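Counting from 1, position 8 in the sequence shown corresponds to residue 14 in our numbering; the numbering is continuous, with no gaps.
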Amino acid sequence: MSDCIFCQIIRGDIASEAVYVDERCYAFRDIDPQGPVHVLVCPREHIARVSDAQPTQEDLLGHLLWVAAEIARQERISEGGYRLVINCGVHGQQAVEHLHVHLIGGRQMAWPPG
Ligand code: DGP
């Protein structure tokens, strides 16, 4: 989608610090990191919310999680652990309407979230 900020990042129209790239997804560092490691894993195709994903995109959803775990290994936070978050819609406080998995780690987390 041309005016989606993450589509613009994925196309390279807006600068980002990429940490993992393949034919299905693009992962880059969050502009407002909530931990020493904070990466957003996005599908290249525009899916606004996880709730909009279609049955044909089931493999893609799994791929995003696999990539997040791979980046965690790359960033050396696997052993200590980390958090994966997908915010969805208004109650989920999703600010950017392009599906993304937050990978946050490198510090102790609290639970439950606020
Ligand atoms: P969410 O609330 O789940 O939609 O989180 C959106 C995240 O996207 C938020 O943590 C900040 C990040 N973000 C927003 N705009 C930009 C940007 O232009 N560049 C980068 N790197 N991150 C962005």
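From the three backbone atoms N, C-alpha and C, an ideal C-beta is built for every residue, glycine too.
Since we're looking at a predicted model, the values are computed, not measured.
Spatial distance of residue i from residue j (CA atoms)
{"i": "ARG35", "j": "VAL25", "result": "7 Å"}
{"i": "ILE15", "j": "GLY41", "result": "21 Å"}
{"i": "LEU71", "j": "GLN99", "result": "20 Å"}
{"i": "ALA78", "j": "GLY86", "result": "10 Å"}
{"i": "TRP117", "j": "ARG82", "result": "22 Å"}
First and last residue of the uninterrupted alpha helix (DSSP H) at residue i
{"i": "LEU90", "result": "Run containing LEU90: none in the alpha helix (DSSP H); it sits in the beta strand (DSSP E), 88-91."}
{"i": "VAL27", "result": "Not the alpha helix (DSSP H): VAL27 falls in the beta strand (DSSP E), residues 24-27."}
{"i": "VAL96", "result": "Counting along the chain, VAL96 falls outside any alpha helix (DSSP H), and DSSP gives it neither H nor E."}
Buried or exposed by the 16-neighbour rule on C-beta atoms within 10 Å, applied to residue i
{"i": "HIS104", "result": "buried"}
{"i": "VAL96", "result": "exposed"}
{"i": "PRO49", "result": "buried"}
{"i": "VAL47", "result": "buried"}
{"i": "VAL107", "result": "buried"}
{"i": "GLY18", "result": "exposed"}
{"i": "ALA33", "result": "buried"}
8 Å CB neighbourhood of residue i in its chain, flanking five on each side removed
{"i": "LEU67", "result": "VAL56 and ALA59"}
Minimum Cβ-Cβ distance from residue i to chain C less than 8 Å
{"i": "ILE11", "result": "The displayed structure is made up of one protein chain only, and chain C is not part of it."}
Proximal residues to residue i (C-beta, below 7 Å), its chain only, five neighbours per side dropped
{"i": "PHE12", "result": "CYS48, VAL102, HIS104 and HIS106"}
Terminal residues of the beta strand (DSSP E) in which residue i lies
{"i": "LEU46", "result": "43-49"}
{"i": "CYS31", "result": "31-35"}
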